[in-house]
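Visitor:
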Amino acid sequence: MTTSGGLKRNPTELTARWSGRACAAGSVLEKISLVPINGVGSGFCERLAPCLEERFFHKFAIEKPLTLSPTQANLTRGQFFLNTVFNRLLAAYPARDGFLLGIMASDLYKTSHPFIYGDASDTDRVGVVSTFRLRPEFTNEAPNDDALFQRTLKECVHALGHSFALKHCHNTRCAMYLSHSVFDIDAKLTYFCDACDKRVRANR
Ligand SMILES: [Zn+2]
Ligand SMILES: [Zn+2]
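Residue 85 in my numbering sits at position 27 of the sequence shown, and the numbers go up by one each step.
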């Protein structure tokens, strides 16, 4: 028998709270640009954009695709280093006027982490999500576009949460829960819990 360790798991507490709320201060919200990288299609990002707009109320745009050469990956690991991708994104779109979120098909790692699903920098206004390990085929499941889309959406919400200075959340149903596997990702929702939602509002 397992327990949730006393954590809140009530889905009713995790319903989106953004609905119908414009920016309270009336200021213009920062634009968020989605960048397809290395094998992710623009159409996939175009599907993500309205789902993210619904959750964040920021305007989302799709940038032209970016290709990172395999020679820019860590050749031993066959993975891209997170900061390399951040730097390439920032260099490739110097005129951007908001936050950049790359969606890449290549595998990703960072210092002390053998792999990551994604991450973001709230100071540099850049983030990236990798679909490499989100594909059902990676765990020997049948291809499933909907599963891939939902997992990617959750990790985009997670990465954007970091861009609003959110830390990881202990609530296993919250999008800010740190997922160690796709099973963790499948178990969480595409929204923040109440506590994280309040923090995002405060940090906007
Ligand atoms: Zn995280
Ligand atoms: Zn949370």
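Here a beta-carbon is modelled for each residue, glycine too, at the ideal position from N, C-alpha and C.
Remember, predicted model here, so these are calculated numbers, not experimental data.
1) Between the Cα of R262 and the Cα atoms of F114, I174, L236, which residue gives the shortest distance?
2) Between D88 and E213, what straight-line distance do the alpha-carbon atoms span, to the nearest angstrom?
3) Report yes if the C-beta of L236 is less than 7 Å from at least one heavy atom of ligand 1; otherwise report no.
4) Short of 8 Å in beta carbon distance, which residues of its chain neighbour G176, apart from the five on each side in sequence? Order them along the chain.
5) Our contact map puts H220 next to A178 with C-beta atoms below 8 Å; I'd like the distance itself, whole angstroms only.
6) With burial defined as no fewer than 16 other Cβ atoms inside 10 Å of the residue's Cβ, what is the status of T181: buried or exposed?
7) Is H171 near ligand 1 - that is, is its Cβ less than 7 Å away from at least one heavy atom of it?
8) Have a look at T210, N198, A163, T197 and flag the residue whose alpha-carbon is nearest the alpha-carbon of N96.
9) Out of C103, L126, S237, K256, which one is the CA nearest neighbour of N141?
10) Count the other CB atoms within 10 Å of the CB of S239; is the residue buried (16 or more) or exposed (fewer)?
11) Run the proximity test for A131: is its beta-carbon closer than 7 Å to any non-hydrogen atom belonging to ligand 2?
12) Under the three-state reduction of DSSP, which class applies to D255: helix, strand or coil?
13) Tell me which same chain residues have a C-beta within less than 7 Å of the C-beta of S263, skipping the five on either side of it?
Guide: A quick look at the data gives this:
1) F114
2) Checking the sequence, you will find Glu at residue 88 rather than Asp. Roughly 20 Å separates the two Cα atoms.
3) yes
4) L166, G185, V186, V187, S188, E213, C214, H216, A217
5) 4 Å
6) exposed
7) no
8) A163
9) L126
10) exposed
11) no
12) helix
13) As displayed, the chain neither begins before 59 nor continues past 262, which places residue 263 out of reach and without an answer.
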